[in-house]
Amino acid sequence: MRVIEYDPFAIFTAPPSNETPEEKIERERREAEEKRVSDRIDEEIKAEKAALKKQKGVVKVLLLGQSESGKSTTLKNFRMKYARAAWKAERLSWRAVIQLNLIRSIITIVETLRAEMDNIPITPLSSSLQHHHHHRNPNHNYNQQNHHQDPSDPERPSMDSDFPESEAEVDSETDGAPIELAEKHRVLMRRLGPLRRVAADLKRRLGAGTEEVVAGSSGEGAGAWASREKEFVVRGWKNVLEGPFNGAKEGHGEQEDGDEATEVIASCKEDMQALWTDPTVREVLERRRLLRLEDSAGFFLNDLDRIATRTYEPSDDDIVRARLRTLGVQEYKIQFEQKSSFLGNVGLGGDFGRDWILYDVGGSRTVRHAWVPYFEALNAIIFLAPISCFDERLREDPTVNRLEDSFLLWRAVCGSKILAKSTIILFLNKCDLLKKKLREGAQVKTYLPSYGERPNEPVAVVKYLKEKFKDILRQQSPEPRVSYFYATSVTDTRATSATLKAVRDGILREHLKNADFV
1 MRVIEYDPFA IFTAPPSNET PEEKIERERR EAEEKRVSDR IDEEIKAEKA
51 ALKKQKGVVK VLLLGQSESG KSTTLKNFRM KYARAAWKAE RLSWRAVIQL
101 NLIRSIITIV ETLRAEMDNI PITPLSSSLQ HHHHHRNPNH NYNQQNHHQD
151 PSDPERPSMD SDFPESEAEV DSETDGAPIE LAEKHRVLMR RLGPLRRVAA
201 DLKRRLGAGT EEVVAGSSGE GAGAWASREK EFVVRGWKNV LEGPFNGAKE
251 GHGEQEDGDE ATEVIASCKE DMQALWTDPT VREVLERRRL LRLEDSAGFF
301 LNDLDRIATR TYEPSDDDIV RARLRTLGVQ EYKIQFEQKS SFLGNVGLGG
351 DFGRDWILYD VGGSRTVRHA WVPYFEALNA IIFLAPISCF DERLREDPTV
401 NRLEDSFLLW RAVCGSKILA KSTIILFLNK CDLLKKKLRE GAQVKTYLPS
451 YGERPNEPVA VVKYLKEKFK DILRQQSPEP RVSYFYATSV TDTRATSATL
501 KAVRDGILRE HLKNADFV
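Be aware that the sequence shown starts at 1, since it is given in full-length UniProt numbering, and climbs by one per residue.
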């Protein structure tokens, strides 16, 4: 006996009994269009699900810290270790940046000598708070209501009593008769004049840059004149590295212009060496407190024999040390090889966790508002605190100690509810410069009274500062979070490579936990 299946919905889908041929054609056309729209919506939902799944596998890391804290150098280390192909392709492009760094150091010395010859008073724009009368807004005392203030806000409250409210005025020992410079120094200054034209050409072809006004020196010591040379700034690396200096464009006119710059620099090598090694010049730099010039980023005068040549090609270390200040946000994508990653060790294949996006944002107080859009959906924050700057002041605000600014910024980042789920990694950076300063006699307690009578030694200072940063993290975090602390010198590429491997594996481990894989 045949079973007849009954469809209760047939009455809704069956065509009208009195449907005409024209009505049937129109109905079928309408049904076909409705199916097409329905299928398109299904495909869009499917694609959104796939994109969401892929997005969950992408690791997003934000590099934070004040200007000149080492963010860009850390990003370079990441790319050098994990994006070698792109790194090698950009190598020749960095030559122009390094040449500009070299010339800028020479121009700084020449301008210092000119200020000495003209007996221009030494301007008290010291990087050392010991030589500055410190004024603060009396309403900037820290209070509990400010715990979750926006980290990008430049008007955050001051730390409590860790940093002194006022300092001594400028020492009178810096006054007195100028140092007598000989005719040979004037000749050297004239012979090095063509470097100014080369610097202007390099800046022009490096891209749409701006000259940032700086209030004083930072990392180069004190006593800089009021009209210090402004620093060349670009909006981003990518335009520079993909520009006319890229190795792929050799043979074109712009590359020939770049070779002309190399020719002029090579022809000035002996004069640059004579200037930098001259005892009288060193005496002037010491009087004007510019001896820290060689501790600053982008310093290459000790490498003139190698760099001021017609065949110079940058090394990895040169590129890491090169200084190219950026105001924009740098976004770099890195794809890790599974065989060398933490994922391989836990038996996970596929693309999960292979793709990373690293964001490097400008650290100057004037651009911190640009950070906020990058706070969402972050896996980790690498915060760089340069601990060697305990005796320096901000370029953009000479009334603020740089270490104090790092504490304030760290406090705001730790207290941000938006960032509460992100793993936080602290690099206590520039330990190499800290050791040098302490060896030369700088006393931490002079600038950080709460340090007290603890040993004025690098290990003790690092331990003390690490505990202070940890205390702030515990007090300010909206909820318990995973954190890692490292003492670093990110210009040391070998040591930083080991640190980055540990950082990468730690971030991936937390990423897997949050994705319910472990």
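Cβ coordinates follow ideal geometry from the N, Cα and C atoms, glycine included.
TODO: Tell me whether the beta-carbon of Ser93 lies closer than 8 Å to the beta-carbon of Asn429.
DONE: Locating residue 93 in the sequence shown gives position 93, counting from the first residue. Locating residue 429 in the sequence shown gives position 429, counting from the first residue. No. Outside cutoff.
- [ ] Return helix, strand or coil for Asp360, following the three-state DSSP convention.
- [x] For this step, residue 360 is matched to residue 360 along the sequence shown. Three-state result, Asp360: strand.
Task: Residues near Trp87 by beta carbon distance below 7 Å, same chain, minus five either side - done: Residue mapping note: residue 87 aligns to position 87 of the sequence shown, counting from 1. For Trp87, where only same-chain residues beyond five positions count, the Cβ hits under 7 Å are Arg79 and Met80.
Open item on the list: Looking at the ligand SAM, does it come within less than 7 Å of Asp39, judged from the CB to the closest heavy atom?
Closed with: Looking for the ligand SAM in the displayed structure turns up nothing, as the structure carries no ligands at all.
Open item on the list: Only counting the same chain, and skipping five residues up and downstream in sequence, which positions put a Cβ closer than 6 Å to that of Gly506?
Closed with: Position 506 of the sequence shown, counting from 1, holds the residue named residue 506. For Gly506, where only same-chain residues beyond five positions count, the Cβ hits under 6 Å are Tyr484.
Task: Neighbourhood of Leu434 by C-beta, 7 Å cutoff - its chain only, sequence neighbours within 5 removed - done: Position 434 of the sequence shown, counted from the start, is the residue given in the question as residue 434. The residues are Ile387, Ser388, Pro458 and Val461.
Task: Interface flag, Ile106 vs chain B, CB-CB below 8 Å - done: Given the protein chain composition of this structure (a single chain), no chain B is represented.
Open item on the list: Which runs of the beta strand (DSSP E) at least 3 residues long sit entirely within the stretch 37 to 87? Give them in chain order.
Closed with: 59 to 64
Open item on the list: If I measure Cβ to Cβ from Pro194 and keep anything under 8 Å in the same chain, skipping five residues before and after, which residues do I get?
Closed with: Counting from one through the sequence shown, the residue named residue 194 turns up at place 194. Val264 and Cys268, listed in sequence order.
Open item on the list: Check this for me: beta carbons of Asp317 and Ile98, under 8 Å apart or not?
Closed with: Walking along the sequence shown from the start, residue 317 turns up at place 317. Walking along the sequence shown from the start, residue 98 turns up at place 98. Going by C-beta atoms, Asp317 is not nearer than 8 Å to Ile98.
Task: residue 519 and Ala266 closer than 8 Å at C-beta - done: Because the chain spans 1 through 518 in this model, residue 519 falls outside it and cannot be assessed.
- [ ] Taking Thr496 as the reference, give the member of Gln475, Lys466, Glu440 and Asp432 with the closest Cα.
- [x] As a position in the sequence shown, residue 496 is number 496, starting the count at 1. Answer by Cα proximity: Asp432.
Open item on the list: If you measure between the beta carbons of Ile425 and Tyr82, is that distance less than 8 Å?
Closed with: Numbered from 1 along the sequence shown, position 425 holds the residue referred to as residue 425. Numbered from 1 along the sequence shown, position 82 holds the residue referred to as residue 82. Not closer than 8 Å, so no.
TODO: Since I believe Pro314 is in contact with Arg84 (beta carbons under 8 Å), could you give me their beta-carbon distance rounded to a whole number of angstroms?
DONE: Sequence index remark: in the sequence shown, residue 84 carries index 84 (1-based). Sequence index remark: in the sequence shown, residue 314 carries index 314 (1-based). No, Arg84 and Pro314 are not in contact; Cβ-Cβ is about 15 Å, not under 8 Å.
Task: Pairwise C-alpha distance: Thr493 and Arg190 - done: In the sequence shown, the residue the question calls residue 190 occupies position 190. In the sequence shown, the residue the question calls residue 493 occupies position 493. Whole-angstrom Cα-Cα distance: 38 Å.
Task: Cβ neighbour criterion (16 or more within 10 Å) applied to Thr112 - done: For the purposes of this step, residue 112 is taken as the residue at position 112 of the sequence shown. Buried is the call here.
Task: Nearest residue (CA-CA) to Ala297, options Val490, Glu23 and Val61 - done: Counting from 1 along the sequence shown, the entry for residue 297 is found at position 297. Answer by Cα proximity: Val490.
- [ ] Can you grab the Cα-Cα spacing for the pair Arg91 / Ala200, in whole Å?
- [x] Residue 91 sits at position 91 when you count from the first residue of the sequence shown. Residue 200 sits at position 200 when you count from the first residue of the sequence shown. Taking the straight line from one Cα to the other gives about 22 Å.
Open item on the list: Check this for me: beta carbons of Val59 and His511, under 8 Å apart or not?
Closed with: Indexing the sequence shown from 1 puts residue 59 at position 59. Indexing the sequence shown from 1 puts residue 511 at position 511. Yes. Within cutoff.
TODO: Use the C-beta contact count for Lys203: other C-beta atoms within 10 angstroms, 16 or more gives buried, fewer gives exposed.
DONE: Walking along the sequence shown from the start, residue 203 turns up at place 203. The residue in question, Lys203, is buried, as its Cβ has 16 or more Cβ neighbours within 10 Å.
Open item on the list: Considering just the uninterrupted stretch of the beta strand (DSSP E) at Pro386, what are its terminal residues?
Closed with: To locate residue 386, count along the sequence shown from 1; it is residue 386. Per DSSP, Pro386 belongs to the beta strand (DSSP E) from Ala380 to Pro386.
Open item on the list: Restricting to Cα atoms, I'd like to know which of Cys414, Ala420, Glu440 and Lys437 is closest to Lys468.
Closed with: Walking along the sequence shown from the start, residue 468 turns up at place 468. Among Cys414, Ala420, Glu440 and Lys437, the Cα nearest to that of Lys468 belongs to Cys414.
Task: Closest Cα partner of Glu286 within the set Asn18, Asn302 and Ile109 - done: Stepping through the sequence shown from its first residue, residue 286 is reached at position 286. If we check each option's Cα against that of Glu286, Ile109 comes out closest.
Open item on the list: Could you tell me the alpha carbon to alpha carbon distance between Arg196 and Ser406, rounded to whole angstroms?
Closed with: In the sequence shown, counting from the first residue as 1, residue 196 sits at position 196. In the sequence shown, counting from the first residue as 1, residue 406 sits at position 406. Approximately 35 Å, taken between the alpha carbons.
Open item on the list: Suppose you measure from the CA of Arg504 to the CA of Ile381; what does that come to, to the nearest Å?
Closed with: As a working note, residue 504 is residue 504 in the sequence shown. As a working note, residue 381 is residue 381 in the sequence shown. Those two C-alpha atoms are separated by around 12 Å.
- [ ] Could you spell out where the alpha helix (DSSP H) holding Tyr447 opens and where it closes?
- [x] Reading the sequence shown from its first residue, position 447 is the one you call residue 447. Taken as a continuous stretch (DSSP letters only), the alpha helix (DSSP H) holding Tyr447 covers Val444 to Tyr447.
Task: Backbone CA spacing between Ile292 and Ile45 [nearest angstrom] - done: Your numbering for residue 292 matches position 292 in the sequence shown. Your numbering for residue 45 matches position 45 in the sequence shown. Here residue 292 turns out to be Arg, not Ile, going by the sequence shown. Distance between the alpha carbons of Arg292 and Ile45 is about 59 Å.
- [ ] Kindly give me the distance between the Cβ atoms of Val284 and Glu116, rounded to whole angstroms, as I take these residues to be in contact under 8 Å.
- [x] Sequence index remark: in the sequence shown, residue 284 carries index 284 (1-based). Sequence index remark: in the sequence shown, residue 116 carries index 116 (1-based). Yes, they are in contact, since the Cβ atoms of Val284 and Glu116 sit about 5 Å apart, within 8 Å.
- [ ] Just confirm the distance between the C-beta atoms of Leu500 and Gln330, as a whole number of angstroms; I'd bet it's less than 8 Å.
- [x] Here residue 500 refers to the residue found at position 500 of the sequence shown. Here residue 330 refers to the residue found at position 330 of the sequence shown. No, Leu500 and Gln330 are not in contact; Cβ-Cβ is about 17 Å, not under 8 Å.
Task: Coarse secondary structure for Phe336, derived from DSSP in three states - done: Within the sequence shown, the letter at position 336 stands for residue 336. Three-state DSSP puts Phe336 in coil, outside helix and strand.
- [ ] Buried or exposed for Val37, please, with buried defined as at least 16 other CB atoms from any protein chain shown within 10 angstroms of its CB.
- [x] The residue labelled residue 37 in the question sits at position 37 within the sequence shown. Under this definition Val37 is an exposed residue.
Task: Burial state of Arg323, where buried means 16 or more other Cβ atoms lie within 10 Å - done: Taking the first residue of the sequence shown as 1, we reach residue 323 at position 323. With 16 or more other Cβ atoms within 10 Å, it is buried.
Task: DSSP bridge partner residues for Phe427 (one or two, in chain order) - done: Taking the first residue of the sequence shown as 1, we reach residue 427 at position 427. DSSP output for Phe427 lists Leu384 and Tyr486 as bridge partner(s).
Task: DSSP-derived helix/strand/coil call for Glu22 - done: Along the sequence shown, one-based indexing puts residue 22 at 22. Three-state DSSP puts Glu22 in a helix.
Task: Where Lys437 falls, given that 16 or more other Cβ within 10 Å makes a residue buried - done: In the sequence shown, residue 437 corresponds to position 437, counting from 1. So Lys437 ends up on the buried side.
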